[in-house]
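Remember, our numbering sits 461 above the position in the sequence shown when you count from 1. We put the CB at the ideal spot given by N, CA and C, even for glycine.
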Amino acid sequence: MWIDTHCHLDAAEFDADRDAVVERARAAGVAMQVIPAVQAAHFDAVRELAQRHGLAYALGIHPLYVGHAADEDLERLADELRRRRDDPRLVAVGEIGLDLFVPGLDLERQRRFYLAQLALARDAGLPVILHVRRSADLLLHGLRRVEVAGGIAHAFNGSEAQAAQFAALGLRLGFGGAMSFERALQIRRLAATLPDTVPVLETDAPDIPPQWLYRSAAERAAGAAPGRNEPCELPRIAGTLGALRGWTPEHTAAVTTANAFAALPRLAALPRLAALPRLAALPRLAALPRLAALGTEPSP
Numbered sequence: 462m463w464i465d466t467h468c469h470l471d472a473a474e475f476d477a478d479r480d481a482v483v484e485r486a487r488a489a490g491v492a493m494q495v496i497p498a499v500q501a502a503h504f505d506a507v508r509e510l511a512q513r514h515g516l517a518y519a520l521g522i523h524p525l526y527v528g529h530a531a532d533e534d535l536e537r538l539a540d541e542l543r544r545r546r547d548d549p550r551l552v553a554v555g556e557i558g559l560d561l562f563v564p565g566l567d568l569e570r571q572r573r574f575y576l577a578q579l580a581l582a583r584d585a586g587l588p589v590i591l592h593v594r595r596s597a598d599l600l601l602h603g604l605r606r607v608e609v610a611g612g613i614a615h616a617f618n619g620s621e622a623q624a625a626q627f628a629a630l631g632l633r634l635g636f637g638g639a640m641s642f643e644r645a646l647q648i649r650r651l652a653a654t655l656p657d658t659v660p661v662l663e664t665d666a667p668d669i670p671p672q673w674l675y676r677s678a679a680e681r682a683a684g685a686a687p688g689r690n691e692p693c694e695l696p697r698i699a700g701t702l703g704a705l706r707g708w709t710p711e712h713t714a715a716v717t718t719a720n721a722f723a724a725l726p727r728l729a730a731l732p733r734l735a736a737l738p739r740l741a742a743l744p745r746l747a748a749l750p751r752l753a754a755l756g757t758e759p760s761p
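In structure tokens, the structure reads:
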């Protein structure tokens with residue numbers, strides 16, 4: 462069984478067949494999806510999707526949407542976090558962060574929203590799901606200023622030193638479809654060599670399609686439809702991680718599930734996941750220092 466720690470199930474690309482997308486994922490063994498919001502207007506949608514399909518969600522304002530957000534949206538986020546504090550399906554504050562790749566964005570406004578949302582996560586006792594695009598050092602600086610309860614650096618593509626710093630601050634790193642491209646040398650190197658306690662799996666669906674779904678600009682110009690990513694692709698993406706590390710599918714699932722539980726602790730108590738096999742059934746995994754402290758049962 463697999464956990465997709467980052468899937469935008471609320472995206473318009475899924476409007477025509479959203480229920481079928483969820484069913485395909487379950488048929489593929491994806492037991493859980495985490496749906497992060499990207500703007501205040503989506504808060505209700507991600508929560509309702511999680512409730513309807515037995516999934517999990519996060520609330521936050523994405524750096525690419527900060528330019529369109531009102532300052533009052535931070536107040537709305539604070540209010541939603543208070544109102545939903547007892548909702549077990551609310552597992553994180555996210556997707557939040559910084560983006561230094563897209564030109565023309567207001568970096569200072571991004572930073573203000575990022576730090577404010579870190580503070581809201583800290584006050585709510587929730588982990589964070591971070592957008593990291595050419596912004597690792599600035600994100601780390603913020604995490605040192607505002608201490609949060611861990612989380613996930615989504616779609617990580619930084620250096621080994623930056624990866625170690627995120628891990629030291631209690632965050633796991635998300636690996637998805639980009640890892641399947643042989644030319645993605647740095648991502649594949651990190652996926653192969655980081656400590657076992659670091660990687661979690663994600664799709665970022667409908668975005669970041671894996672190599673087998675990707676369509677080049679020339680192919681799209683010739684009429685090929687863009688490759689839409691789906692959470693049902695997660696097991697095959699996981700196969701890439703397993704191949705890079707020399708793991709069996711069973712071990713890959715066990716390690717990444719344990720890491721997802723450590724990153725987003727509320728996941729472990731959700732009904733669909735609470736029945737997962739004990740870590741004690743996997744002695745090599747249970748003996749890993751960071752996992753041994755999790756115990757042999759999901760936290761209640």
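Take residue i as the anchor and find which of the options has the nearest alpha-carbon.
{"i": "Gly782", "options": "Ala481, Ile698 and Leu538", "result": "Past the boundaries of the shown model lies residue 782; the chain is included only from 462 to 761, so the question cannot be answered."}
{"i": "Val491", "options": "Arg676, Leu725 and Glu694", "result": "Glu694"}
{"i": "Gly703", "options": "Phe722, Asp657 and Leu725", "result": "Asp657"}
{"i": "Phe475", "options": "Thr709, Arg689 and Leu725", "result": "Arg689"}
{"i": "Phe627", "options": "Arg485, Glu509, Ala724 and Ala489", "result": "Ala724"}
{"i": "Asp532", "options": "Arg573, Pro671, Leu651 and Pro696", "result": "Arg573"}
{"i": "His592", "options": "Ala585, Arg633, Trp463 and Asp540", "result": "Arg633"}
{"i": "Leu581", "options": "Gly515, Val609 and Phe722", "result": "Val609"}
{"i": "Val552", "options": "Ala683, Leu587, Pro732 and Gly707", "result": "Leu587"}
{"i": "Val495", "options": "Gly638, Pro692 and Arg594", "result": "Pro692"}
{"i": "Phe562", "options": "Arg550, Leu579, Ala502 and Arg594", "result": "Arg594"}
{"i": "Arg543", "options": "Ile557, Leu655, Leu516 and Arg583", "result": "Arg583"}
{"i": "Ala730", "options": "Gly515, Ala477, Val483 and Leu510", "result": "Gly515"}
{"i": "Gln672", "options": "Pro564, Phe642 and Ala486", "result": "Phe642"}
{"i": "Leu655", "options": "Pro732, Ala678, Leu674 and Ala629", "result": "Ala629"}
{"i": "Ala625", "options": "Val659, Ala683 and Leu674", "result": "Val659"}
Could you check how far apart the C-beta atoms of residue i and residue j are, in whole angstroms? I think they sit under 8 Å.
{"i": "Gln456", "j": "Ala597", "result": "It is not possible to answer for residue 456, since the shown part of the chain is limited to 462 through 761."}
{"i": "Ala653", "j": "Leu705", "result": "4 Å"}
{"i": "Leu599", "j": "Leu559", "result": "5 Å"}
To which residues of the same chain is residue i closer than 6 Å at the C-beta, ignoring the five residues directly before and after it?
{"i": "Gly619", "result": "Ala597"}
{"i": "Gly631", "result": "Gly611"}
{"i": "Val507", "result": "Asp471, Ile496, Ala498 and Tyr518"}
{"i": "Ala481", "result": "none"}
{"i": "Pro670", "result": "Gly638, Gly688 and Asn690"}
Please state whether DSSP places residue i in a helix, a strand or coil.
{"i": "Asp560", "result": "strand"}
{"i": "Leu740", "result": "Because Leu740 carries a pLDDT of 46, less than 50, the predicted location of this residue cannot be relied on, and no value is offered for it."}
{"i": "Met462", "result": "coil"}
{"i": "His469", "result": "coil"}
{"i": "Pro497", "result": "strand"}
{"i": "Ala729", "result": "helix"}
{"i": "Arg589", "result": "First, the amino acid is wrong: residue 589 is Val here, not Arg. Correct three-state label for Val589: strand."}
{"i": "Leu655", "result": "coil"}
{"i": "Ala674", "result": "As written in the sequence, residue 674 is Leu, which differs from the Ala given in the question. Leu674: coil per DSSP, three-state reduction."}
{"i": "Ala685", "result": "coil"}
{"i": "Leu566", "result": "coil"}
{"i": "Leu604", "result": "helix"}
{"i": "Thr716", "result": "Correcting the residue type first, residue 716 is Val in the shown sequence and not Thr. Residue state, collapsed to three classes: helix."}
{"i": "Ala666", "result": "strand"}
{"i": "Val609", "result": "coil"}
{"i": "Arg644", "result": "coil"}
{"i": "Ala477", "result": "coil"}
{"i": "Asp505", "result": "helix"}
{"i": "Ala597", "result": "helix"}
{"i": "Ala624", "result": "helix"}
{"i": "Ala629", "result": "helix"}
With a threshold of 8 Å on Cβ separation, who are the neighbours of residue i within its own chain once the five nearest residues in sequence on each side are excluded?
{"i": "Gln500", "result": "Ile522, His523, Tyr526, His529, Ala530 and Asp534"}
{"i": "Leu576", "result": "Gly603, Arg606 and Val607"}
{"i": "Asp548", "result": "Arg508"}
{"i": "Ala488", "result": "Cys693"}
{"i": "Phe504", "result": "Ala498, Leu520, Arg537, Leu538 and Glu541"}
{"i": "Pro696", "result": "Trp463, Ala489, Gly490, Val491 and Pro710"}
{"i": "Leu728", "result": "Ile464, Met493, Val495, Ala517, Val552, Ala721, Phe722 and Leu734"}
{"i": "Gln578", "result": "Gly521, Ile522, Leu535, Leu538, Val554, Ile557 and Val589"}
{"i": "Ala502", "result": "none"}
Tell me, please, which residues DSSP counts as bridged to residue i.
{"i": "Pro660", "result": "Leu634"}
{"i": "His615", "result": "His592"}
{"i": "Tyr518", "result": "Ile496 and Leu551"}
{"i": "Val483", "result": "Looking at the DSSP assignment, Val483 forms no beta bridge with any residue, so it has no partner."}
{"i": "Val491", "result": "Trp463"}
So, for residue i: in the same chain, excluding its five sequence neighbours on each side, which residues have a beta-carbon less than 7 Å away from its beta-carbon?
{"i": "Ala472", "result": "Pro667"}
{"i": "Gly635", "result": "Thr466, His467, Ile613, Ala614, His615, Ala616, Phe617, Val661 and Glu663"}
{"i": "Pro687", "result": "Arg676 and Arg681"}
{"i": "Arg479", "result": "Leu470"}
{"i": "Ala511", "result": "Ile496, Ala517, Tyr518 and Arg550"}
{"i": "Arg546", "result": "Ala585"}
{"i": "Thr701", "result": "Met640 and Ser641"}
Can you check whether the C-beta of residue i is within less than 8 Å of a C-beta belonging to chain B?
{"i": "Leu581", "result": "Absence of chain B from the displayed structure is noted, only one protein chain being present."}
Does the distance between the C-beta of residue i and the nearest non-hydrogen atom of the ligand FAD fall short of 7 Å?
{"i": "Leu579", "result": "Ligands are entirely absent from the displayed structure, and the ligand FAD is therefore not among its contents."}
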